[in-house]
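Notes for the one structure printed next.
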Amino acid sequence: MLTINSTIISGAGAIPALAPLLAGKSRLLLVTDGNIARLEAARAIRALLEADNRSVSVIERVPPEPTHHDVHALLADINDTAFDLVVGVGGGSVLDVAKLLSVLCHPASPGLDALLAGEKPTARLASLLIPASAGTGSEATPNAILAIPEQSTKIGIISPVLLPDYVALLPELTTSMPPHIASSTGIDALCHLIECFTATVANPVSDNAALIGLRKLVNNIETACAEPHNLAAKLEMLWASYYGGVAIAHAGTHLVHALSYPLGGKYHLPHGVANAILLAPCMRVVRPDAVEKFAQVWDLVPG
Ligand SMILES: [Fe+2]
Numbered sequence: 097m098l099t100i101n102s103t104i105i106s107g108a109g110a111i112p113a114l115a116p117l118l119a120g121k122s123r124l125l126l127v128t129d130g131n132i133a134r135l136e137a138a139r140a141i142r143a144l145l146e147a148d149n150r151s152v153s154v155i156e157r158v159p160p161e162p163t164h165h166d167v168h169a170l171l172a173d174i175n176d177t178a179f180d181l182v183v184g185v186g187g188g189s190v191l192d193v194a195k196l197l198s199v200l201c202h203p204a205s206p207g208l209d210a211l212l213a214g215e216k217p218t219a220r221l222a223s224l225l226i227p228a229s230a231g232t233g234s235e236a237t238p239n240a241i242l243a244i245p246e247q248s249t250k251i252g253i254i255s256p257v258l259l260p261d262y263v264a265l266l267p268e269l270t271t272s273m274p275p276h277i278a279s280s281t282g283i284d285a286l287c288h289l290i291e292c293f294t295a296t297v298a299n300p301v302s303d304n305a306a307l308i309g310l311r312k313l314v315n316n317i318e319t320a321c322a323e324p325h326n327l328a329a330k331l332e333m334l335w336a337s338y339y340g341g342v343a344i345a346h347a348g349t350h351l352v353h354a355l356s357y358p359l360g361g362k363y364h365l366p367h368g369v370a371n372a373i374l375l376a377p378c379m380r381v382v383r384p385d386a387v388e389k390f391a392q393v394w395d396l397v398p399g
């Protein structure tokens, strides 16, 4: 059984509450991407990180669906890896790369190639993950997904060591998402929740997380897409995504994600779009073996 010990800060207007986490930390690595970095909320987070004369090294070019080549290149650009805290601010790709860099910058790192070959990490630098989309739940999973273009697929580096010390769920970071991104990332969270809920390895802990997340998701996904500045709905979607990650950590996805990784790897479809295409046909296959579970989900749907 996995234990998730992350300290969570959440809420509208909660950015200043990050300050106590930075006490005693003077060298930070901020991992983000250019689009996110320009957001007002992201600039406020960066200003907070840079306060009190802290040194902040910034990686601002994490590509979507990053490959192992991308991570090698980012690591090669870091001159001194002695950071006190790695901060990831972005979507799932950014958070996955931040998780990997928190391991790869640690003196005990086995190196990326060894991790890809299956060696498990044993230590990492302190880490804070702040999702800028409500979908992957990466901040709550022990997984980091990388594309392997030579094999036209993606693989997961999986270890509880990747789980962060701190998580911040800040809805202001998600208000600029266009509706098609908000919906496709939301469908990704829906897939995490419903796949984990219907998994053969589902258990009371993962079921509890999945049901909490599903209730939040089905009651807020339409509002969050239609009203981008509705901070209450956006925060509920961040929690739904977080609980999807918790459900993954304690159970695991199955048919949709098993098929969506090669589909995304070969045709470069965004992860949420690939999942959306696969969700209904895959659930028709699963349904006969999980009728009671689907009935419980149906009862959560409003109206
Ligand atoms: Fe996913």
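Numbering (our numbering), first residue to last: 97 to 399.
A virtual CB, placed ideally from N, CA and C, is assigned to each residue, including glycine.
These numbers were taken from a predicted model, which means no experiment stands behind them.
| query | result |
| --- | --- |
| Distance, His-202 Cα to Ser-272 Cα | 34 Å |
| Residues bridged to Leu-181 (per DSSP) | Leu-124 |
| Asp-51: CB within 7 Å of a non-hydrogen atom of ligand 1 | This structure cannot settle anything about residue 51, because the visible part of the chain is limited to 97 through 399. |
| Pick from Leu-266, Asn-315, Ala-347 that is closest to Asn-304, judged by C-alpha positions | Ala-347 |
| is_contact[Leu-124, chain B] using C-beta, thresh 8 Å | Any reference to chain B falls outside this structure, which holds one protein chain only. |
| Any non-hydrogen atom of ligand 1 closer than 7 Å to His-353 Cβ | yes |
| Assigned secondary structure, Ala-243 (DSSP; H/G/I helix, E/B strand, else coil) | strand |
| Residues of its chain near Ala-138, where Cβ-Cβ distance is below 6 Å and the 5 sequence neighbours each way are ignored | Ile-132, Val-185 |
| Helix, strand or coil at Lys-216 [DSSP, three-state] | coil |
| Under the three-state DSSP convention, the category Leu-265 falls into | strand |
| Buried/exposed call for Leu-396, threshold 16 Cβ in 10 Å | exposed |
| C-beta contact flag for Leu-181 and Ala-236 at 8 Å | no |
| Pro-238 beta carbon less than 8 Å from that of Ile-254 | yes |
| Any non-hydrogen atom of ligand 1 within 7 Å of Cys-287 CB | yes |
| Straight-line Cα distance separating Leu-269 from Arg-311 | 22 Å |
| Bounding residues of the beta strand (DSSP E) (the contiguous stretch that carries Val-154) | 151-155 |
| Given Leu-313 as reference, the closest of Ala-336, Thr-294, Ala-322 once Cα atoms are compared | Ala-336 |
| Which listed residue (Ala-243, Arg-383, Asn-371) has its alpha carbon closest to that of Ser-189 | Ala-243 |
| Heavy atom of ligand 1 within 7 Å of Asn-239 beta-carbon | no |
| Leu-211 beta carbon less than 8 Å from that of Val-263 | no |
| Counted within 10 angstroms of its Cβ, other Cβ atoms place Ser-220 as buried (16 or more) or exposed | Sequence inspection shows Arg at residue 220; the Ser mentioned does not correspond to that position. So Arg-220 ends up on the buried side. |
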